[in-house]
Amino acid sequence: MPGTVHIVDDSAICRLIVALALQRAGFGVCCHRDGLSALQELARSPEPPALLLVDPGVARLDGYELIRLLRQQPRLSAIPIVLMSAQQGWRERLRARLVGASAFVGKPFFIDQLVALVRRLTRASPNPTPPPATPVTPPFSPPVPLAILPGSFFIGGETLLPTIPPSGAASFQQDQKGASRL
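Final position of the sequence shown in my numbering is 183; the numbers increase by one with none missing.
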């Protein structure tokens, strides 16, 4: 197994989608809904994870502060960390770089590109100095921004619309147009 990726995001749907894709790619996955629980788990864990995916807007300890604290701990300082944010301006990208993020991914993103980035960063040899943040930009824009389709994701060029029945069990379904549905 390539290693464990920790996903720190307050969106349950985002955690689910990213976790499923990474598990299919052979990664172990550990999910956290806030920065403090992620920091506590990482401090207790005997082995550091292969990589962290962090949303800066998580509760209890924001993503920027989480990255800053991890970079100060010798045992965890070399972990590749990808900041995933819907806020994609130059201030956010600069702040990500200054706190020590290895890469920056703007939301929405294509899941196959995120998995490719995770593979690339986990193959890289450990480096005590984190590499500079690099933006991951899709080669083309999605036909409809996610702001217009709340709760949907673009995966492999298809729109994924999450529908979770009252039972709480999620599943993938094809809609009448052939798009995958969760």
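Glycine is no exception: its CB is placed at the ideal position from the N, C-alpha and C atoms.
These numbers were taken from a predicted model, which means no experiment stands behind them.
Discussion item. Less than 9 Å between the beta carbons of Val83 and Ala26, yes or no?
Written reply: As a first step, residue 83 must be located in the sequence shown, where it is residue number 82. As a first step, residue 26 must be located in the sequence shown, where it is residue number 25. No.
Discussion item. Output needed for Gly36: all residues of its chain with C-beta closer than 8 Å, excluding positions within five of it in sequence on either side, in chain order.
Written reply: Translated into positions along the sequence shown, residue 36 becomes position 35. If we look at Gly36 and ignore the five residues flanking it on each side, its Cβ neighbours are Val9, Val55, Val59, Ala60, Arg61, Leu62, Asp63, Gly64, Glu66, Leu67.
Fill in: alpha helix (DSSP H) segment containing Val59, residue limits
For this step, residue 59 is matched to residue 58 along the sequence shown. Note, Val59: premise wrong, no alpha helix (DSSP H); not H, not E.
Worksheet item: In three-state terms, what does DSSP make of Ala79?
Response: Residue numbering aside, residue 79 sits at position 78 when the sequence shown is read from its first letter. DSSP places Ala79 in coil when its eight states are reduced to three.
Worksheet item: Mind checking Gly90: buried by the 16 CB within 10 Å criterion, or exposed?
Response: In the sequence shown, counting from the first residue as 1, residue 90 sits at position 89. That one is exposed.
Worksheet item: Distance, Cα to Cα, Leu40 vs Leu71?
Response: The residue labelled residue 40 in the question sits at position 39 within the sequence shown. The residue labelled residue 71 in the question sits at position 70 within the sequence shown. Their backbone Cα atoms lie some 8 Å apart in a straight line.
Fill in: Exposure label - Pro136; buried when at least 16 CB within 10 Å
In the sequence shown, the residue the question calls residue 136 occupies position 135. Its pLDDT being 49, under 50, Pro136 is placed unreliably in this model, and the value from its coordinates should be taken loosely. Pro136 comes out exposed.
Fill in: Own chain partners of Arg16 with C-beta closer than 6 Å, once the 5 adjacent residues on each side are dropped
The residue given as residue 16 occupies position 15 in the sequence shown. If we look at Arg16 and ignore the five residues flanking it on each side, its Cβ neighbours are Ile8, Asp10, Cys32.
Worksheet entry | C-beta contact flag for Ala102 and Gln74 at 9 Å | For the purposes of this step, residue 102 is identified with residue 101 of the sequence shown, where counting begins at 1. For the purposes of this step, residue 74 is identified with residue 73 of the sequence shown, where counting begins at 1. Not in contact: Ala102 and Gln74 (Cβ atoms no closer than 9 Å).
Worksheet entry | Whole-number beta carbon distance between Ala51 and Val6, since they are thought to touch under 8 Å | Numbered from its first residue, the sequence shown carries residue 6 at position 5. Numbered from its first residue, the sequence shown carries residue 51 at position 50. Right, their Cβ atoms sit about 6 Å apart.
Practice prompt. With DSSP collapsed to three states, give me the class of Ala87.
Written response: To locate residue 87, count along the sequence shown from 1; it is residue 86. Here Ala87 sits in coil by DSSP.
Worksheet entry | Spatial neighbours of Ala20 in its chain, beta-carbon cut-off 7 Å, leaving aside the 5 residues before and after | The residue labelled residue 20 in the question sits at position 19 within the sequence shown. Same-chain partners within the cutoff: Ile8, Val30, Cys32.
Practice prompt. Specify the secondary structure class of Ala51 as computed by DSSP and reduced to three states.
Written response: What you label residue 51 is simply residue 50 of the sequence shown in a count that begins at 1. Reduced to three states, the DSSP call for Ala51 is coil.
Worksheet item: Where do the ends of the beta strand (DSSP E) carrying Gly107 lie?
Response: Translated into positions along the sequence shown, residue 107 becomes position 106. Per DSSP, Gly107 belongs to the beta strand (DSSP E) from 104-107.
Practice prompt. Please report the Cβ distance between Ile18 and Ile112, rounded to the nearest whole angstrom; I am assuming they are in contact, meaning their Cβ atoms lie under 8 Å.
Written response: Against the sequence shown, residue 18 aligns to sequence position 17. Against the sequence shown, residue 112 aligns to sequence position 111. Yes, they are in contact, since the Cβ atoms of Ile18 and Ile112 sit about 7 Å apart, within 8 Å.
Worksheet item: Secondary structure at Cys15, three-state DSSP: helix, strand or coil?
Response: Position 14 of the sequence shown, counting from 1, holds the residue named residue 15. Cys15 falls in the helix class under three-state DSSP.
Discussion item. For Arg69, which residues in the same chain have their Cβ closer than 6 Å to its Cβ, ignoring the five residues on either side in sequence?
Written reply: On the sequence shown, residue 69 is found 68 positions in, with the first residue counted as 1. Contacts found: Val100.
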